[in-house]
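Student: I have a structure here, written as structure tokens, and I will follow up with some questions on it.
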Amino acid sequence: MLLVFDIGNTNTVMGIYDGRELLKEWRLTSKKQTSDEVGFMLLGLLSSAGIAKEDIKGAVFGSVVPSLDETFREGVREYIGVDCLRVSTRMDTGLKIKMKNPTGLGADRLLNAVSGIEKYGVPLIIVDLGTAITFDVISQEGAYVGGVIAPGMELGMESLFARTAKLPQIELAAPASVIGGNTIEAIQSGIVYGTVGMVEKVIEGISKELGTKCRVVATGGHAPIIAKHSGCIDSVDQWLTLDGLRIYYERNCAGK
20 MLLVFDIGNT NTVMGIYDGR ELLKEWRLTS KKQTSDEVGF MLLGLLSSAG IAKEDIKGAV
80 FGSVVPSLDE TFREGVREYI GVDCLRVSTR MDTGLKIKMK NPTGLGADRL LNAVSGIEKY
140 GVPLIIVDLG TAITFDVISQ EGAYVGGVIA PGMELGMESL FARTAKLPQI ELAAPASVIG
200 GNTIEAIQSG IVYGTVGMVE KVIEGISKEL GTKCRVVATG GHAPIIAKHS GCIDSVDQWL
260 TLDGLRIYYE RNCAGK
């Protein structure tokens, strides 16, 4: 079995693969921990799923939070007994990257592209709706050509509340109509439908610059909310990044 981690700014998603099958997944808070705390957490989660640590034969992680990298590697090594491979553009990704600085491509975006190409083909736009909203663009030739980064919906709400004393804390959900009937609905409309408009405008611009219609796949915690109200998104794939970790591990460690 393969242990995978997608370490993000807000959440860390952990999964267990048996071959190509994702057996179990957990969504955890990304926070500073000791390697012992990570190790005990891992043992507890595996035990709750009825998986023995001896069944784990490999591990891989992608991270956009460098301060958490070493504690996860040490925790896995000390408590699970396997080395944890770190995702890097310097290893075999199978991805043609046509950017000015390929090493600056974040692990999450790299993994989304690797997984997206294998699962959905090209040309392709991947929209990851998390703490940040990222657009990753794969050309008709199968090359990663760049993308777009924007603040996520939660960042927008936090900024609004931090600078506006009288606004209430609200649930991140779409109201029944764009015109909000009260303050809460007005904020929800601005955040959700405003994000839908931004996503659709960016997708339109990318497709125009590529000169072709692209398949659009959404992933990330807020993907279902936006996909429900947008006609531009073809598929929602919540485990796109985890599948990318599995594919990356297979390309670099399978049979070694």
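The numbering used here puts the sequence shown at residues 20 to 275.
Glycine included, every Cβ here is placed at the ideal spot set by N, Cα and C.
Owing to the predicted nature of the structure, the values given are computational and were not obtained by experimental measurement.
1) Nearest to lysine 220 by CA position, among Ala205, Ile252, Lys247, Ser158, is which residue?
2) Could you check the C-alpha separation between glutamate 160 and leucine 143 for me, to the nearest Å?
3) Taking buried to mean at least 16 other C-beta atoms within 10 Å of its own C-beta, is methionine 110 buried or exposed?
4) Determine the burial state of threonine 150: buried for a count of at least 16 other Cβ atoms within 10 Å of its Cβ, exposed for fewer.
5) List in chain order: all unbroken alpha helix (DSSP H) runs of 4+ residues lying wholly within the segment 45-75.
6) Going by DSSP, what residues sit across from tyrosine 36 in a beta bridge?
7) For the structure I just gave you, are there three or more beta carbon pairs, one from the segment 229-249 and one from the segment 95-110, closer than 8 Å?
8) Among the residues of its own chain, which have a CB less than 7 Å from the CB of alanine 132, if the five just before and after it don't count?
9) Using CA coordinates, which residue listed in Gly165, Ala126, Thr108, Phe59 is at the minimum distance from glycine 2?
10) Reducing DSSP to helix, strand and coil, say where alanine 192 ends up.
11) So which of Arg128, Leu148, Ile136 has the shortest CA-CA distance to histidine 241?
12) Please report how far the alpha carbon of asparagine 271 lies from the alpha carbon of leucine 22, in whole angstroms.
13) For cysteine 103, write down the residues that DSSP places opposite it in a beta bridge.
14) Where does the unbroken alpha helix (DSSP H) through valine 235 begin, and where does it stop?
Tutor: This is what the structure gives:
1) Ile252
2) 10 Å
3) Looking at its Cβ environment, which holds fewer than 16 other Cβ atoms inside 10 Å, methionine 110 is exposed.
4) buried
5) 54-67
6) Leu21, Leu41
7) no
8) Leu114, Ile145, Asp155, Ile157, Tyr163
9) Since the displayed the chain opens at 20 and closes at 275, residue 2 lies outside it and no answer follows.
10) coil
11) Leu148
12) 15 Å
13) Cysteine 103 pairs with Ala78.
14) Taken as a continuous stretch (DSSP letters only), valine 235 belongs to no alpha helix (DSSP H), being part of the beta strand (DSSP E) at 234-238.
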